[in-house]
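*Asks:*
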Amino acid sequence: MASKLVIVESPAKAKTIAGYLGPDYAVEASVGHIRDIPTPSEMPADMKKGPFGRFGINIEEGFEPFYVVDPDKKKKVTELKRLLKDADTLYLATDEDREGEAIAWHLLETLKPKIPVQRMVFHEITKEAIQRAVEDTRELDLDLVNAQESRRILDRLYGYEVSPVLWRKVKAGLSAGRVQSVATRIVVERERERMAFKVASYWSVEGKFSTGAAPFAARLASLDGRKVATGSDFDDTGAVKKDARALDERAATQVAEATIAAAVTVSSVSEKPYTRRPYAPFTTSTLQQEAGRKLGLGSKAAMGVAQKLYENGYITYMRTDSTNLSSSALAAARGQARDMYGADFVPESPRVYGKKSKNAQEAHEAIRPAGDRFRTPAQVAGELRGDEFRLYELIWKRTVASQMADAKGSTATIRMRADLTGCEAGELAEYTASGTVITFRGFLAAYEEGTDEPAQPAKDGEARLPKVEEGASLDVVDATASGHETSPPARYTEASLVKKMEELGIGRPSTYASTISTIQDRGYVRKKGTALVPTWLAFAVTRLMEVHFSRLVDYDFTASMEVDLDEIAAGDADRVAWLQRFYYGDEGSGPGLSGLVSDLGDIDARAISTIEIGDGIVVRVGRYGPYVEEVVPKGVDPATGEVTDETKTTPAPKRATITDDVAPDELTPAMAREFLAAAADDGRVLGQDPETGRDVVVKNGRYGPYVTEVLEESADDKPKRGKAKVKPRTASLFKSMDPSTVDLEQALKLLSLPRTIGTVTETTTGEDGAEKSVEVPITAQNGRYGPYLKKGTDSRSIETEEQLFTMTLEEALAIYAQPKQRGRAAAKPPLAEFGEDPVSGKKVVVKDGRFGPYVTDGETNATLRRGDEPETLTAERAYELIAEKRAKGPTTRKKSAKKTAKKTAKKPTKSTAKKATKKAAAKKA
């Protein structure tokens, strides 16, 4: 029987480690955290009125949290306690970071072991690393625990204080978060830049010249000594910067035509050495960025794959902001580079990389292949497949390349003068051509960053120019003029948002993926392809935060909190004093969170939720979603725009509901007025039903356009409710119908549904056992999932909506004569088709499912997200959705858990560490 109990977080990790430790060790998983701070509704009745009742935290006495065992972890805790009875030593082997240290502390507090406790840490799961970790344990690091618990308390206070303000002033159910609100602000600010951006048009000229050999291209750089403007020479207002000349079509065409007939000579030739250094090994941030660019994986999917590789012993710990490599890893990387590419490809001494991001912690290693000797991609090809293999290969290449030699080459620049005498646009043109020749590839033989975007020319790519001398004459092969437009700043992708957050010092490696996932799940950001687009809701929330909680969404303040948490983790700051300062404030730092929330003054909810579009058009975020509104000043005729009697009241504004399908930067005043015009036509009267005399109207509803009849109520009648209330007949328009062209005849046919096609005689058995014949009607109906026939309780789908009116009794009987299909009906043709999935190699298509469109490669199905439309979905986005779903794995339904006994947790104090076997403390910053 095993005498030593090892507890880790995940079952996969437990299985791998158990294989390395032998029969004397029982390795069990806690399956993540076992307890947390409960919500107020989950608090015991006797605690709700006490100091813990509001937040689950006693803010008056040292910010002490109240912890309870999670309901679904009660069985797990019982199992761990049972295993503990047969053990003589407990090893807490959770991850070596703040969260892992906190999980270990919670286990210690909950299990209350009476045997020696060891803190076992490692950053890779190999046999050698695990066996070393068992022999070299340490005490629980309570400074790390304090830092993690401070973060948890901080986030609870932030969310519980600020979120209710959003509920009251913007929309119920919204949430605010210390990092998520700042990340949302970053995305919104970029969209604001795009909305304010003014497109500028300009023209360029490209010439092709020759010395008798193959021609080479050069661009027009200056005209009469003045620089010719390119895209970078315009500001966001569309104005060209000083000292640059923007060419129009006429001038550019004149220059091109004059160049073809001009005498061209070489004015200068320059050449300089080219050196390109390798990239640092992966951190969490750079791994997510490269996985997004090269593999099409979102941040969450990339981290899910990396987690599996770590737990199964293929890579080191994947949550790190260090670029350091251990001495054994340096030797392994240099050795493999030497073996595979030659001694010339390895520098004399190992490369050491510094970390440039804010708040970097250097205690851990970079993400690299596990072990003292790395397994090559070829060696793991039989064990890994799909995204796991591709990510491992990416990590291996990056690690080996980081210890290889610089790429070397030379860059040549040729300047040419063209005499354009007689040209109206200019008389002296200068063309330039540059090209780089790589003479020694160095690390590029193993890895190159940024070549995953074929639409863009490869950075520092090779381009050979001919050998020419200064003063040499060149032949003009051709010259062409081309028109261009400036582009607004690119929207953030998941990869570039991670990079921006790291640069600003916002969040930690362990929170990037979850933060990006949260702002999408909360409806603040949606994906359009790979771009992150803020919703109108995000604009309203960000505006409120900027105006009334400016400090809480300030980039520097948010980054400073991470620095403070680092100091707590290092034992250089007191957590209680820090939380006291954050919540209550002091003279030096100003008002705390409590003061900010209690002294908000009058918040103009309408102004907060209003976004100016221009030309008298605004977007407002209402309780039921965003809508456009035409703001009509008092005393202005809304029909003509003329100023009338100023004493008249302001007319009712025109409004129209919009969706987030239209990106904020795409909504122009003209487009908004189209929405307003369509809304004005909503409720268009098609005519009167000859049978009832009631008006029949067409409307646009939440679930699409429909027709309905208008019921008139007498002023004397009391309003009826429930079953007594008369409901108007209503019918959805067919997919082939347009609300603007539907007529009364079509509307009446729709309102006539369901249609009785005919009746059939069937024999039934009564309660007395006697058989009798009954007439059963067959009806044609239009349902949520499409048109269908119904005979008693037997329903059959039909192919088109038009068949609801054309189906005959004979055709219906023929359908019922066929065996009823169970499960899936006949497959519909795909809505869109793409190429082969990079992982499975199977064709990817978009299908229309019962719960909406989804993308599939035949193995993995992924529902389209908010903002993804089958008509505009790109192949890259389809592959990304499948990759994320594949990484997430199959969905499992949780069983409802019984209530768990709740226990108040003790604050982590130095005395807690006495339960662990005393060894040299090894604290991680």
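In our numbering, the protein residues as written are 1 to 925. Glycine is no exception: its CB is placed at the ideal position from the N, C-alpha and C atoms. The model shown is predicted, which means the values in this text are computed figures rather than measured ones.
1. Is the beta carbon of Thr320 closer than 7 Å to that of Thr284?
2. Which same chain residues, not among the five before or five after Lys902, have their C-beta less than 6 Å away from its C-beta?
3. Determine the extent of the alpha helix (DSSP H) in which Lys300 is found, giving its start and end residues.
4. Straight-line CA distance for Gly766 to Thr759?
5. In this structure, what does DSSP give as the bridge partners for Tyr91?
6. Thinking just about the alpha-carbon of each residue, which of Thr253, Val845 and Val269 is nearest to the one in Gly471?
7. Should Gly590 be flagged as near chain B, meaning a C-beta pair shorter than 7 Å?
8. Expressed to the nearest angstrom, what Euclidean distance is found between the alpha-carbon atoms of Ser357 and Ala495?
9. What residues are listed by DSSP as bridge partners for Asp419?
10. With a 10 Å radius around its C-beta and 16 neighbouring C-beta atoms as the bar for buried, classify Gly56 as buried or exposed.
11. Go through its chain and collect everything with a Cβ distance to Ala244's Cβ below 6 Å, but skip five positions before and after it.
12. Report the three-state DSSP secondary structure of Pro591 (helix, strand or coil).
13. Please state whether the Cβ-Cβ distance between Ala104 and Thr94 is less than 7 Å.
14. Here's a check: name, in chain order, each residue in its chain whose Cβ is nearer than 7 Å to the Cβ of Tyr431, leaving out the five neighbours to either side.
15. In chain order, what residues of the same chain lie with their CB nearer than 7 Å to the CB of Asp689, ignoring the 5 residues before and after it?
16. According to DSSP, is Asn782 helix, strand or coil?
17. What residues in its chain sit with their C-beta under 7 Å from that of Arg190, if we drop five residues either side in the sequence?
18. Report buried or exposed for Lys895, applying the criterion of at least 16 other Cβ atoms within 10 angstroms of its Cβ.
19. Which residue from His364, Ser181, Ile617 and Lys198 puts its Cα closest to that of Glu124?
20. If contact is defined by three or more beta carbon pairs under 8 Å, each pair taking one atom from either stretch, is the stretch 519-526 in contact with the stretch 171-187?
21. For Gly159, which option in Leu804, Gln180 and Lys169 has the closest C-alpha, if you only look at C-alpha atoms?
22. Quick one: is Phe557 buried, meaning 16 or more other Cβ sit within 10 Å of its Cβ, or exposed?
23. Which partner residues of Trp203 appear in the DSSP bridge assignment?
24. For Thr16, which residues from the same chain have a beta carbon less than 8 Å from its beta carbon, with the 5 sequence-adjacent residues on both sides left out?
25. Curious, which full-length beta strand (DSSP E) runs of at least 3 residues does the stretch 762-811 contain?
26. Under three-state DSSP, which class holds Leu84?
27. DSSP three-state call for Tyr20: helix, strand or coil?
28. Excluding sequence positions up to five away, which residues of its chain have a Cβ less than 6 Å from the Cβ of Val621?
29. Look at the alpha carbon of Val346 and the alpha carbon of Arg390, and state the distance between them as a whole number of angstroms.
30. Take the Cβ of Leu144 as the centre, count every other Cβ of all protein chains shown within 10 Å, and call the residue buried at 16 or more, exposed below.
31. Under the assumption that Ser3 contacts Ala87 (Cβ atoms under 8 Å), give the Cβ distance between them as a whole number of angstroms.
32. What residue does the alpha helix (DSSP H) around Thr286 start on, and which one ends it?
33. Using 8 Å as the cut-off, can you tell me whether the stretch 104-124 makes contact with the stretch 19-38, which would need three or more C-beta pairs spanning the two stretches below that distance?
34. Just to confirm before moving on: does the CB-CB distance between Tyr274 and Thr511 stay below 7 Å?
35. Around the Cβ of Trp507, are there at least 16 other Cβ atoms within 10 angstroms (buried) or fewer (exposed)?
36. Taking the beta carbon of Arg623 as the centre, do at least 16 other beta carbons fall within 10 Å, making it buried, or is it exposed?
*Replies:* By the coordinates alone:
1. Contact flag set, yes.
2. The predicted model places Lys902 with a pLDDT of 44, which falls under 50 and marks its position as unreliable; any figure quoted below should be read in that light. Contacts found: Pro44 and Val68.
3. Where Lys300 is concerned, the enclosing alpha helix (DSSP H) starts and stops at Ser299 to Glu311.
4. Roughly 20 Å separates the two Cα atoms.
5. Val6 and Gln118.
6. Of Thr253, Val845 and Val269, the residue nearest in Cα terms is Val269.
7. Considering every chain present, this structure includes no chain B. It has just one protein chain.
8. Note that Ser357 scores 47 on pLDDT, short of 50, meaning its location in the model is unreliable and no value can be drawn from it.
9. Ala263 and Leu428, per the DSSP bridge assignment.
10. So Gly56 ends up on the buried side.
11. Result list for Ala244: Lys227, Ala229 and Asp233, in chain order.
12. In the structure shown, Pro591 adopts extended strand secondary structure according to DSSP, grouped into three states.
13. Going by C-beta atoms, Ala104 is nearer than 7 Å to Thr94.
14. Closer than 7 Å at the Cβ level, and outside the excluded window around Tyr431, lie Gly207, Ala218, Arg219, Leu220, Ala221, Met416 and Ala418.
15. Apart from sequence neighbours up to five positions away, the residues of its chain that approach Asp689 with a beta-carbon distance below 7 Å are Val696, Glu709 and Leu748, ordered along the chain.
16. Asn782 falls in the strand class under three-state DSSP.
17. Same-chain partners within the cutoff: Pro489, Arg491 and Tyr492.
18. Any reading at Lys895 must be qualified, since the residue scores a pLDDT of 46, below 50, and its modelled position is unreliable; the value itself is stated next. Exposed, since its Cβ has fewer than 16 Cβ neighbours within 10 Å.
19. For the set His364, Ser181, Ile617 and Lys198, the Cα lying nearest the Cα of Glu124 is the one of His364.
20. Counting C-beta pairs closer than 8 Å gives three or more between the stretch 171-187 and the stretch 519-526, which meets the contact rule.
21. Proximity to Gly159 across Leu804, Gln180 and Lys169 peaks at Gln180, based on C-alpha coordinates.
22. So Phe557 ends up on the exposed side.
23. Leu247 and Gly483.
24. Contacts found: Ile125, Glu311, Asn312 and Gly313.
25. Here the runs fully enclosed are 771-783, 786-791 and 794-797.
26. Three-state DSSP puts Leu84 in a helix.
27. Correct three-state label for Tyr20: helix.
28. The residues are Trp536, Leu537, Ala540 and Ser609.
29. Rounded to the nearest angstrom, the gap between the Cα atoms of Val346 and Arg390 is 25 Å.
30. Buried, since its Cβ has 16 or more Cβ neighbours within 10 Å.
31. Sure, about 6 Å apart at Cβ, within 8 Å.
32. That run of the alpha helix (DSSP H) goes Thr284 to Leu295.
33. In this structure the stretch 104-124 touches the stretch 19-38; the number of beta carbon pairs closer than 8 Å is three or more.
34. No. Outside cutoff.
35. The question names Trp, but residue 507 is Gly in the sequence shown. Answer is buried; the Cβ neighbour count reaches 16.
36. The residue is exposed, with fewer than 16 neighbouring Cβ atoms inside 10 Å.
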